[in-house]
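One structure below.
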Amino acid sequence: TVSLRNIPFQTLLSRQKTHNYQVTMADWYADFADPITFLNILTTNNPSNVPQWSSKQYDRLIKASSTTDAGNADKRFEDMTKAQNILLENQGVTPLYQSASKNLLSSKVKGIIYNTAGATYNYKDAYVVK
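Counting from 966, one number per residue, gives the positions in the sequence shown under the numbering used here.
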């Protein structure tokens, strides 16, 4: 049986920092459009690795994807795919949902750039046609 309790955000952060929990939730949004922004978090010594999950094989694959295989897109992607499979098979994390948004935009508005990571929209070159 799992009993859920709402707690203040500062209490959550304190408990995560001291590992005073059985199960906790965390979220992460991509800093840039690349799987490594998510996968790197769960390397052994990453300060954002809240559950302190650790796998030497996972760490080796993530390191290879950023060093020896960084110049070979196919090999790099293969490293990250293998690492993700290790993560999911060992329940390093359990993905619960993927956020999404919908927007209604007039066909007269042009030039808005949609970003896949970071700030969602760039309005620098936006304009309205009459």
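Ideal Cβ placement from N, Cα and C applies to all residues, glycine included.
Local conformation of residue 1073 per DSSP, three classes: Here residue 1073 sits in coil by DSSP.
Report buried or exposed for residue 1048, applying the criterion of at least 16 other Cβ atoms within 10 angstroms of its Cβ. It is buried - the Cβ of residue 1048 has at least 16 other Cβ atoms within 10 Å.
What span of residues does the alpha helix (DSSP H) with residue 1001 cover, start to end? Per DSSP, residue 1001 is one residue of the alpha helix (DSSP H) stretching across 1001-1004.
From 1030, 1076 and 979, residue whose alpha carbon lies closest to that of residue 1008: Ranking 1030, 1076 and 979 by Cα distance to residue 1008 puts 1030 first.
Taking 6 Å as the limit between beta carbons, can you name the residues of its chain near residue 990, skipping five residues before and five after? Within the same chain, residue 990 has no close Cβ partners at all.
Kindly identify the DSSP beta-bridge partner or partners of residue 1078. According to DSSP, which records beta bridges pairwise, residue 1078 is partnered with 1087.
Let me confirm a value: residue 1023 is counted as buried when at least 16 other C-beta atoms fall within 10 Å, else exposed. Which label applies? It counts as buried.
Starting from residue 981 and walking both ways along the alpha helix (DSSP H), at which residues does that stretch end? Counting along the chain, the unbroken alpha helix (DSSP H) around residue 981 starts and ends at 974-983.
Taking DSSP as the reference, what is the three-state secondary structure of residue 986? Reduced to three states, the DSSP call for residue 986 is coil.
Select from 1012, 1003, 1017 and 1021 the residue whose C-alpha is nearest the C-alpha of residue 988. Measuring from the Cα of residue 988, the nearest candidate turns out to be 1017.
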